[in-house]
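Step one of this worksheet: look at the structure below.
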Amino acid sequence: MGDSVSDDTAPDGAIRTSAPTEAPPTPRRPLPRVLAVANQKGGVGKTTTTVNMGAALADMGLRTLIVDLDPQGNASTGLGIDNRGLEHSMYHVLLQDEPMENVVEPTDVRNLFVAPASLDLAGAEIELVPAFSREQRLKRAIESVLDDYDYVLVDCPPSLGLLTVNGLASAHEVLVPIQCEYYALEGLGQLLRNVDLVKRNLNPALDVSTILCVMYDARTKLSDQVVGEVREHFGDKVLRAVIPRSVRLSEAPSFGQPITTFDPTSRGAIAYRDAAKEVHDDAS
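Numbering (the numbering used here), first residue to last: 4 to 287.
Spelled out as structure tokens, the structure:
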């Protein structure tokens with residue numbers, strides 16, 4: 004009897020090689036995307052990240068809306084909006100059902116818009132308590148304008164009150180800035196638990212998708228150690244781009260500009276542009 008041809012052998016006697024099994028591609032996130040920028044620790048560069056990430060996305064030609072939920076209104080003033088005496092602000096959206104489109108202001112950066120905060124928001128935490136559907140008010144407001152934008156970034160206050168709950172309930176994703184300093188991960192466990200709570204009760208689609216290391220100081224071993232620890236904990240959720248500690252980044256808000264226009268060639272501007280490209284690379 005002649006030898007039979009094995010399954011791995013072609014009729015001409017050549018050996019077949021089966022195609023290598025490829026890992027499934029990472030699922031792309033469809034536009035528009037709504038990201039809540041949140042961290043329960045104060046002073047971690049949350050507003051700086053919101054403003055500059057938003058400006059960098061806008062520079063890429065992506066229509067971007069920044070929603071300022073922090074009563075201090077730093078994201079608004081950092082984009083040149085005088086939030087004193089505003090006729091309409093996020094307070095009116097959340098408490099008086101003002102349409103979101105009536106609140107949105109253009110900025111000096113093309114494609115970048117802001118829904119400003121006012122000091123009235125400080126009382127919103129208490130005023131929202133008896134409000135009907137109080138946790139979903141921002142979600143409905145954003146949905147009414149979402150078709151006009153590619154990205155919506157929500158700057159959440161550094162606490163888990165009803166404003167932050169509204170921010171998390173309205174978002175598809177959470178972006179967490181973590182400073183490269185001692186105690187960097189302090190409070191992060193609580194934030195992740197709170198995100199999970201919102202996910203289970205209000206927003207099943209919510210995902211901590213992006214972690215950005217900020218205030219990186221190349222002169223210290225500590226910064227490298229923190230970045231290494233964060234990458235070990237969170238893997239590919241951590242952006243490759245790292246935001247340096249920078250005087251120019253600190254100065255830009257006082258001029259009402261993001262770093263991308265205040266000093267476009269600075270290390271901070273380059274780092275935020277790199278971070279924005281990474282975030283958008285995850286979009287379809």
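Backbone N, C-alpha and C define an ideal beta-carbon position, used for all residues, glycine too.
Residue burial classification, A134 (beta-carbon count within 10 angstroms, cutoff 16): exposed
Rounded C-alpha distance that separates G164 from V107: 24 Å
Straight-line gap, I84 to S121 (C-alpha atoms, nearest Å): 11 Å
9 Å Cβ cutoff met for D62 and V112: yes
Inter-residue Cα distance where the pair is H283 and H175: 14 Å
Beta-bridge pairing of Q43 - partner residues as DSSP gives them: In DSSP, Q43 forms no bridge with anything.
Three-state secondary structure (DSSP) of V245: strand
Three-way DSSP call (helix, strand, coil) for M63 in this model: coil
Classification of Y275 by the beta-carbon crowding that lies within 10 angstroms, buried from 16 upward: buried
Cα-Cα separation between T167 and K224, rounded to whole angstroms: 34 Å
Member of R66, Q139, E128 whose CA lies at the smallest distance from the CA of V117: R66
Burial state of Y154, where buried means 16 or more other Cβ atoms lie within 10 Å: buried
Range of the contiguous alpha helix (DSSP H) that encloses S275: Looking at the sequence shown, residue 275 is not Ser but Tyr. Start and end: 270-284.
M103 vs A78 beta-carbon contact at 9 Å: no
Which of helix, strand or coil DSSP assigns to P27: No answer about P27 holds up, because its pLDDT of 42 lies below 50 and its placement is not dependable.
Cβ contact (3+ pairs, closer than 8 Å) linking the segment 46-55 and the segment 206-213: no
Nonlocal neighbours in the same chain, by C-beta distance under 8 Å from V148, ignoring five residues either side: L68, M103, E104, V107
Whether G238 touches G81 by CB criterion (9 Å): no
Per DSSP, cross-strand counterpart(s) of P109: F116
6 Å CB neighbourhood of R32 in its chain, flanking five on each side removed: D285, A286
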